[in-house]
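**Student:** Each position in the sequence shown, counted from 1, maps to that position plus 352 in our numbering. For glycine and all other residues, C-beta sits at the position ideal for the given N, C-alpha and C. Just so you know, these numbers come straight off a predicted model, no measurement behind them. Okay, here's the structure, questions in a sec.
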Amino acid sequence: MSMRMSMRAVLFCVPSLFLVGCLHNPQTVQQPGTDIQSFIEVWEQYEELYPLFDHKGIDWKETGHRYFPLAAQCENEDELLLVIAEMLGELEDPSIRLSNFATEEFIWTFSREYNSNYDMDVLVDYYLEPNGWAGWQDGYSEGFGWCDPSVLPYAFMDTIPYTDSLPVGLDSLDAFVAACIENDLPAIILDIRMNPYGDTRYGDVCGHEFMGRFTDHSRPGAIYRSRSGPEYDQYYDQRPAVYPAGPGQYTGTVILLVGENSRNSCESMTANFINFPNVVLVGNTTGGSVSTTSNVQISDLWYVRVVRTTVLTYLKYWIEGAGIPPDIYVEATESDFAAGIDPVLDYAIELLGEYR
353 MSMRMSMRAV
363 LFCVPSLFLV
373 GCLHNPQTVQ
383 QPGTDIQSFI
393 EVWEQYEELY
403 PLFDHKGIDW
413 KETGHRYFPL
423 AAQCENEDEL
433 LLVIAEMLGE
443 LEDPSIRLSN
453 FATEEFIWTF
463 SREYNSNYDM
473 DVLVDYYLEP
483 NGWAGWQDGY
493 SEGFGWCDPS
503 VLPYAFMDTI
513 PYTDSLPVGL
523 DSLDAFVAAC
533 IENDLPAIIL
543 DIRMNPYGDT
553 RYGDVCGHEF
563 MGRFTDHSRP
573 GAIYRSRSGP
583 EYDQYYDQRP
593 AVYPAGPGQY
603 TGTVILLVGE
613 NSRNSCESMT
623 ANFINFPNVV
633 LVGNTTGGSV
643 STTSNVQISD
653 LWYVRVVRTT
663 VLTYLKYWIE
673 GAGIPPDIYV
683 EATESDFAAG
693 IDPVLDYAIE
703 LLGEYR
């Protein structure tokens, strides 16, 4: 087992050694049929980093005790991977998976059913194209589309720009924001129902840069929570504010469209936006899957997603497993989409009229 260099890691090595020392006992556990170091490393990484044990009421040491004998009985790596996946599945965290980057195989440890409250074909054919659709150039390259603000002040995000693509993505956003300011619009629609991927974590400026286009002074942000010690209820909370960003800020009402498919970085963005007094959430409760992960290699080809951070609202409301409820709930069904109707967007368009 590799030596940890930080003091924090030194604190965490004790329970890991406890697990191995107690369970790797020839009197109680047979000699493993394959190298189970990857099992131990995965358990150890989560024991050290996972920020949701206390919130979910999970004793990870007890979980490791139950799964260690199963790992020791494995005859090959394939069997061991399934044991690891089953153990991680007890966390009921849909952000966790095992990945083979060479073959693009995935083993998901847990899944939830998410009902989308939008249909992209309906959105494009019945709403965007008839209203001066622009952006979304070259397919998905920009990940940002909008209508002519003088006709319908609406924009959607398919991608939150990453740091290396920040200028390209935000140039498109700035053009939309500038048009909204020039037209002196009292309200606009921002649609993030399509679960845009990308980073809104503290330290990754993109999401905060995006939100900074919609406030003229600093706003409190979400809480980015990680573990700070060996106990499951020891946390370190980052509370970054959102500051004005870009050449201009739109400070009218932002009608933010969300739904169950709004997860991960999109949900993190929502957790920040709810602190803006000019933002109104319309649609359905977000997906409740807002863990920040990194890929850790556990064999020659396989990686595991390790959860390092979760996001809470500024008032310490846990989002994982619960989601963020909208201010105004609007139901959308498959029969609506089949009829070429987007009830969420229709409601938002009606709401625009109330601000004029």
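Look at the alpha carbon of Val659 and the alpha carbon of Val642, and state the distance between them as a whole number of angstroms.
**Tutor:** Numbered from its first residue, the sequence shown carries residue 659 at position 307. Numbered from its first residue, the sequence shown carries residue 642 at position 290. Going from the Cα of Val659 to the Cα of Val642 covers about 10 Å.
**Student:** May I ask you to list the residues that DSSP assigns as paired with Asp688?
**Tutor:** Here the question's residue 688 lines up with position 336 in the sequence shown. Bridge partners of Asp688: none, in fact.
**Student:** Beta-carbon within less than 7 Å of Ala593's beta-carbon, same chain only, minus the 5 sequence neighbours each way: which residues are those?
**Tutor:** Indexing the sequence shown from 1 puts residue 593 at position 241. Excluding residues within five positions, the ones whose Cβ falls inside 7 Å are Ser570, Arg571, Pro572, Gly573.
**Student:** In whole angstroms, give me the CA-to-CA distance for Ser687 and Asp589.
**Tutor:** For the purposes of this step, residue 687 is taken as residue 335 along the sequence shown, with counting starting at 1. For the purposes of this step, residue 589 is taken as residue 237 along the sequence shown, with counting starting at 1. Cα to Cα, the separation comes out at about 43 Å.
**Student:** For the segment 376 to 433, list the alpha helix (DSSP H) runs that are entirely contained and at least 4 residues long, ordered along the chain.
**Tutor:** 389 to 401, 405 to 408, 412 to 424
**Student:** Excluding the 5 residues flanking Asp471 on each side, which residues of the same chain have their C-beta closer than 8 Å to its C-beta?
**Tutor:** Taking the sequence shown and counting its residues from 1, the one referred to as residue 471 is at position 119. Counting only Cβ-Cβ distances below 8 Å, and skipping sequence neighbours, we find Phe689, Asp694.
**Student:** Note the first and the last residue of the continuous beta strand (DSSP E) segment covering Val648.
**Tutor:** Here residue 648 is taken as the residue at index 296 of the sequence shown, counted from 1. Run containing Val648: 644 to 649, per the beta strand (DSSP E) assignment.
**Student:** First and last residue of the alpha helix (DSSP H) that includes Ile701?
**Tutor:** Locating residue 701 in the sequence shown gives position 349, counting from the first residue. Here the alpha helix (DSSP H) through Ile701 covers 695 to 706.
**Student:** Given this structure, state the Cα-to-Cα distance separating Val634 from Ile671, to the nearest angstrom.
**Tutor:** Working through the sequence shown from its first residue, we reach residue 634 at position 282. Working through the sequence shown from its first residue, we reach residue 671 at position 319. Separation of Val634 and Ile671 (C-alpha to C-alpha, rounded to the nearest whole angstrom) is 17 Å.
**Student:** Could I get the ranges of all uninterrupted beta strand (DSSP E) runs contained in the segment 579 to 629, with 3 residues as the minimum, in chain order?
**Tutor:** If we require 3 residues or more, the beta strand (DSSP E) runs fully inside the segment 579 to 629 come out as 587 to 590, 605 to 610.
**Student:** Taking 6 Å as the limit between beta carbons, can you name the residues of its chain near Leu542, skipping five residues before and five after?
**Tutor:** Here residue 542 refers to the residue found at position 190 when the sequence shown is read from its first residue. The answer, listed in chain order, is Ala507, Val606, Leu608.
**Student:** For Glu429 and Glu442, what's the separation of their Cα atoms in angstroms?
**Tutor:** As a working note, residue 429 is residue 77 in the sequence shown. As a working note, residue 442 is residue 90 in the sequence shown. Our two residues, Glu429 and Glu442, have alpha carbons roughly 20 Å apart in a direct line.
**Student:** Would DSSP call Phe496 helix, strand or coil?
**Tutor:** As a working note, residue 496 is residue 144 in the sequence shown. If DSSP states are grouped into helix, strand and coil, Phe496 belongs with the strands.
**Student:** Over the uninterrupted beta strand (DSSP E) stretch that includes Ile544, give me the two end residues.
**Tutor:** One-based indexing of the sequence shown puts residue 544 at position 192. Neither: Ile544 is in no beta strand (DSSP E) and is coded neither H nor E.
**Student:** Starting from the C-beta of Asp526, find all residues in its chain whose C-beta is less than 8 Å away, skip the five residues before and the five after it, and write them out in chain order.
**Tutor:** Along the sequence shown, one-based indexing puts residue 526 at 174. Around Asp526: Arg565, Gly598, Pro599, Gly600.
**Student:** Going by C-alpha to C-alpha distance, which of Lys408, Leu401, Glu393 sits closest to Ala674?
**Tutor:** As a working note, residue 674 is residue 322 in the sequence shown. When each option's Cα is compared against that of Ala674, the closest is Lys408.
**Student:** When burial is assigned at 16 or more other CB atoms within 10 Å of the CB, is Glu481 buried or exposed?
**Tutor:** Counted from its first residue, the sequence shown places residue 481 at position 129. With fewer than 16 Cβ atoms within 10 Å of its Cβ, Glu481 is classed as exposed.
**Student:** Ignore the nearest five residues each way along the sequence and tell me which others in Tyr446's own chain have a CB closer than 7 Å to its CB.
**Tutor:** Taking the first residue of the sequence shown as position 1, residue 446 is located at position 94. Here residue 446 turns out to be Pro, not Tyr, going by the sequence shown. The answer, listed in chain order, is Phe462, Ser463, Arg464, Ser641.
**Student:** Return the Cβ separation of Thr297 and Glu619 in integer angstroms, given the expectation that the two are a contact with Cβ distance under 8 Å.
**Tutor:** Limits of the chain in this structure are 353 at one end and 708 at the other, which puts residue 297 out of reach.
**Student:** Quick one, are the C-beta atoms of Pro678 and Val610 less than 8 Å apart?
**Tutor:** Counted from its first residue, the sequence shown places residue 678 at position 326. Counted from its first residue, the sequence shown places residue 610 at position 258. Cβ distance < 8 Å, so Pro678 and Val610 count as in contact.
**Student:** So the beta strand (DSSP E) Ala507 belongs to, where does it begin and stop?
**Tutor:** Mapped onto the sequence shown, residue 507 falls at position 155. DSSP places Ala507 in the uninterrupted beta strand (DSSP E) bounded by 506 to 509.
**Student:** Within 10 Å of its beta-carbon, does Ser502 have 16 or more other beta-carbons around it, so buried, or fewer, so exposed?
**Tutor:** Indexing the sequence shown from 1 puts residue 502 at position 150. In summary, Ser502 is exposed, with fewer than 16 beta-carbon neighbours lying within 10 Å of its beta-carbon over all protein chains present.
**Student:** Consult DSSP for Ala486 and reduce its assignment to one of helix, strand or coil.
**Tutor:** If you number the sequence shown from 1, residue 486 lands on position 134. DSSP places Ala486 in strand when its eight states are reduced to three.
**Student:** What separation, rounded to the nearest whole angstrom, lies between the Cα atoms of Glu456 and Ala486?
**Tutor:** For the purposes of this step, residue 456 is identified with residue 104 of the sequence shown, where counting begins at 1. For the purposes of this step, residue 486 is identified with residue 134 of the sequence shown, where counting begins at 1. Rounded to the nearest angstrom, the two C-alpha atoms are 34 Å apart.
**Student:** Ordered along the chain, which non-local residues of its own chain (more than five positions away) have a Cβ less than 8 Å from that of Asn547?
**Tutor:** Here residue 547 is taken as the residue at index 195 of the sequence shown, counted from 1. These residues qualify, in order along the chain: Asn613, Ser614, Arg615, Asn616, Cys618, Gly639.
**Student:** Run through the DSSP bridge pairs and tell me what Glu457 is partnered with.
**Tutor:** Taking the first residue of the sequence shown as position 1, residue 457 is located at position 105. Answer is Asn452, bridged to Glu457.
**Student:** If we call anything under 8 Å between Cβ atoms a contact, is Ile544 one with Lys668?
**Tutor:** Translated into positions along the sequence shown, residue 544 becomes position 192. Translated into positions along the sequence shown, residue 668 becomes position 316. For Ile544 and Lys668, no; Cβs fall outside 8 Å.
**Student:** Can you give me the C-alpha to C-alpha distance between Gly484 and Thr665, rounded to a whole angstrom?
**Tutor:** In the sequence shown, counting from the first residue as 1, residue 484 sits at position 132. In the sequence shown, counting from the first residue as 1, residue 665 sits at position 313. Spanning the two alpha carbons is a distance of roughly 36 Å.
**Student:** If you reduce the DSSP assignment to three classes, tell me which class Tyr681 lands in.
**Tutor:** The residue you call residue 681 lines up with position 329 of the sequence shown. It is a strand residue.
**Student:** Could you give the distance in angstroms between the alpha-carbon of Gly581 and the alpha-carbon of Cys426?
**Tutor:** Walking along the sequence shown from the start, residue 581 turns up at place 229. Walking along the sequence shown from the start, residue 426 turns up at place 74. Taking the straight line from one Cα to the other gives about 32 Å.
**Student:** Just checking my contact of Ile410 with Ala437 at CB under 8 Å: how many whole Å lie between their CB atoms?
**Tutor:** Taking the first residue of the sequence shown as 1, we reach residue 410 at position 58. Taking the first residue of the sequence shown as 1, we reach residue 437 at position 85. With a Cβ gap of about 16 Å, Ile410 and Ala437 do not count as contacting.
**Student:** How is Leu525 classed by DSSP in three states: helix, strand or coil?
**Tutor:** Translated into the one-based positions of the sequence shown, residue 525 becomes position 173. In the structure shown, Leu525 sits in a helix (DSSP, three-state: H, G or I).
**Student:** If you compare alpha carbons, which of Leu475, Tyr466, Arg579, Leu504 is closest to Asp510?
**Tutor:** Within the sequence shown, numbered from 1, the residue matching residue 510 stands at position 158. Comparing Cα positions, the closest option is Leu475.
**Student:** How many angstroms separate the CA atom of Asn636 from the CA atom of Ala623?
**Tutor:** Mapped onto the sequence shown, residue 636 falls at position 284. Mapped onto the sequence shown, residue 623 falls at position 271. The alpha-carbon atoms of Asn636 and Ala623 are separated by roughly 14 Å.
**Student:** Does Gly675 come out as helix, strand or coil in the three-state DSSP assignment?
**Tutor:** One-based indexing of the sequence shown puts residue 675 at position 323. Coil.
**Student:** For Thr415, which residues in the same chain have their Cβ closer than 7 Å to its Cβ, ignoring the five residues on either side in sequence?
**Tutor:** Counting from 1 along the sequence shown, the entry for residue 415 is found at position 63. Here the set comprises Met439, Glu442.
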